[in-house]
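The structure is reproduced here in structure tokens:
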């Protein structure tokens with residue numbers, strides 16, 4: 009299934025079992041393949057007999073992905089036509105590298121491919137002048153054809169992305 013956004017996509021079956029591992033793999037592959045900033049790179053949870061995290065790359069130009077497909081296949085990855093599903097969690101997207109520090113939501117939307125922000129527990133859209141503390145970890149998801157960041161309230165009237173960049177493993181203190 010091809011996600012919204014760029015018209016060309018490939019899926020990459022990986023052996024990654026965590027989002028963190030998949031994020032690192034996606035970023036390493038993007039650097040190794042010298043992918044342009046316009047490429048979208050997403051993670052997708054696969055829940056079949058072998059739970060894992062698959063990847064997708066999407067671009068406006070098919071030759072970019074053809075080269076990526078050839079190189080990834082040569083490295084032993086199973087590369088499929090299209091993304092695994094339409095609800096990918098974006099790690100690579102236009103403007104992602106510039107989303108550091110604290111930004112207003114208006115700046116976040118103007119600087120990146122993110123289309124909107126939702127806040128947990130509130131039905132209304134946040135004000136464009138609301139500040140977001142990025143924690144250098146902004147992972148929006150495709151929802152109904154839009155790239156949407158889920159945020160949550162934080163100290164001082166700010167927001168932070170819902171996904172924690174350094175989550176505590178379950179049962180870490182046992």
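Residue numbers (the working numbering): 9 to 182.
For every residue, glycine included, the Cβ atom is placed at its ideal position computed from N, Cα and C.
Please read these numbers as outputs of a predicted model, since none were measured by experiment.
Helix, strand or coil for residue 149? Go by DSSP, reduced to three states. Here DSSP, grouped into helix, strand and coil, assigns residue 149 to strand.
Considering only C-alpha positions, which residue in the set 90, 79, 145 is nearest to residue 169? Closest in C-alpha terms to residue 169, from the list 90, 79, 145, comes 145.
Run through DSSP, which three-state label would residue 28 get? Three-state DSSP puts residue 28 in a helix.
contact_flag[the segment 72-87, the segment 153-162] where n(CB pairs < 8 angstroms) is 3 or more: No, the segment 72-87 does not touch the segment 153-162.
Please list the terminal residues of the continuous beta strand (DSSP E) segment that includes residue 21. 16-21 is the span of the beta strand (DSSP E), which, as asked, contains residue 21.
Identify the continuous alpha helix (DSSP H) that holds residue 74 and give its terminal residues. Per DSSP, residue 74 belongs to the alpha helix (DSSP H) from 70-82.
Counting only beta-carbon atoms, is residue 47 nearer than 7 angstroms to chain D? The structure shown contains no chain D; it holds only a single protein chain.
Are the beta-carbon atoms belonging to residue 102 and residue 45 less than 7 angstroms from one another? Between residue 102 and residue 45, the gap from beta carbon to beta carbon is short of 7 angstroms.
Nearest-angstrom Cβ-Cβ length linking residue 51 and residue 27, presumed shorter than 8 angstroms: So it is a contact: roughly 6 angstroms between Cβ atoms.
Cβ atoms of residue 140 and residue 117: under 7 angstroms apart, would you say? Contact flag unset, no.
Does DSSP put residue 182 in a helix, in a strand, or in coil? With a pLDDT of 42 at residue 182, under the threshold of 50, the modelled position of that residue is not reliable, and no figure is offered here.
In DSSP terms, what residue 48 is bridged to: Note: residue 48 sits in a beta bridge opposite 66.
Closer than 8 angstroms is the cut-off here; do at least three beta carbon pairs connect the segment 122-140 with the segment 86-93? Segment contact: the segment 122-140 against the segment 86-93, fewer than three CB-CB distances shorter than 8 angstroms; contact not assigned.
Is DSSP giving residue 165 helix, strand or coil here? It is helical.
Exposed or buried, what is residue 49 when buried is set at 16 or more other beta-carbons lying within 10 Å of its beta-carbon? So residue 49 counts as buried.
Would you please state the rounded distance, in angstroms, between the beta carbons of residue 127 and residue 161? I believe it to be under 8 angstroms. The Cβ separation is near 7 angstroms, so the contact holds.
So, are the CB atoms of residue 24 and residue 30 less than 7 angstroms apart? Taking 7 angstroms as the Cβ cut-off, residue 24 and residue 30 qualify as a contacting pair.
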